[in-house]
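Below is one structure; the comments refer to it alone.
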DNA sequence: AGGATGTGTAACCATGTGGTTGTGTATTAG
DNA sequence: CTAATACACAACCACATGGTTACACATCCT
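Protein chains in written order, with my numbering: chain A, 6 to 116; chain B, 6 to 116.
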């Protein structure tokens, strides 16, 4: 069970997505760049907490920050979602394969 | 920020997927029912640890257990993955929308 | 210059997580 | 019946996580 590097990445991405606030931040930064304090305005938690959420998303590669004067603009990055999609697709492919096998068993003559 | 019940579900599902061992268990139980001890044979951790992983997957609705004599057979459930897919799809739809807006801006005459 | 705003960082706390061991209880095998 | 197997459950531990507050620093505004 050597955990491939991509495995660790996948863990971080799923982990980052497993929080309502972070998913919301992601939705908001998909539409365009938003500063951290403007993000923080809409949540009932401290600025530092929102900052932490952003840094979790950043560590997962789901978001990037760019400096603009005294504020940091957060924008969502689409690339890492492909990782998740491929993981799910792989799982669902196995399901399809199982169903195929079931079909084969049901439609083949008894042994 | 009233977290809808589905939000909590989504959190649990993503959280459950954010672990290499659990994703592996999921892959193995997609193909067909596997007992917990047979699952545990292939990981370098205690039986109880694997049991916990299974129960996390179960709480997330990704897996179900059925009694068969003294063993519990674990099988993967496909339904909850649809939740994840729709969440990602929604996010990516927002991205597409942003790109559309960008295109519109770029192709429209200056103001 | 000086104050307001935006951010980064550190310390701290409660709780959750991933792992362990130990014990109890069914169920199967001899 | 007894022993081994498969599981459930609880207690425990180290560490991560999500939150807080406090403080330092940079940047903008007047």
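Backbone N, C-alpha and C define an ideal beta-carbon position, used for all residues, glycine too.
Residue i to residue j span [Cα, whole Å]
| i | j | result |
| --- | --- | --- |
| residue 84(B) | residue 12(A) | 24 Å |
| residue 103(B) | residue 81(A) | 11 Å |
| residue 93(A) | residue 100(A) | 11 Å |
| residue 40(B) | residue 14(B) | 25 Å |
| residue 71(A) | residue 31(A) | 16 Å |
| residue 29(A) | residue 74(B) | 46 Å |
| residue 25(B) | residue 59(A) | 24 Å |
| residue 96(A) | residue 49(B) | 23 Å |
| residue 51(B) | residue 45(B) | 7 Å |
| residue 68(B) | residue 67(A) | 28 Å |
| residue 116(B) | residue 79(A) | Caution is warranted here: a pLDDT of 44 is assigned to residue 116(B), below 50, making its placement in the model unreliable, and the coordinate value is therefore given only provisionally. Roughly 27 Å separates the two Cα atoms. |
| residue 106(B) | residue 43(A) | 22 Å |
| residue 91(B) | residue 17(B) | 15 Å |
| residue 76(A) | residue 61(A) | 18 Å |
| residue 47(A) | residue 56(B) | 40 Å |
Beta-carbon spacing of residue i, residue j below 8 Å
| i | j | result |
| --- | --- | --- |
| residue 22(A) | residue 19(B) | yes |
Closer than 9 Å at the beta carbon, the chain B residues around residue i
| i | result |
| --- | --- |
| residue 11(A) | Those do not exist, as residue 11(A) stays about 10 Å from chain B at its closest Cβ, beyond 9 Å. |
Minimum C-alpha distance to residue i - residue among the options
| i | options | result |
| --- | --- | --- |
| residue 63(B) | 34(B), 95(B), 51(B), 106(B) | 34(B) |
| residue 98(A) | 24(B), 36(B), 27(B) | 36(B) |
| residue 65(A) | 89(A), 54(A), 77(A), 53(A) | 89(A) |
| residue 54(A) | 17(A), 16(A), 27(A) | 27(A) |
Chain-ordered chain B contacts of residue i [CB-CB under 7 Å]
| i | result |
| --- | --- |
| residue 23(A) | 16, 19, 20, 23 |
Chain-ordered chain A contacts of residue i [CB-CB under 7 Å]
| i | result |
| --- | --- |
| residue 90(B) | 93 |
In DSSP terms, what residue i is bridged to
| i | result |
| --- | --- |
| residue 77(A) | 72(A) |
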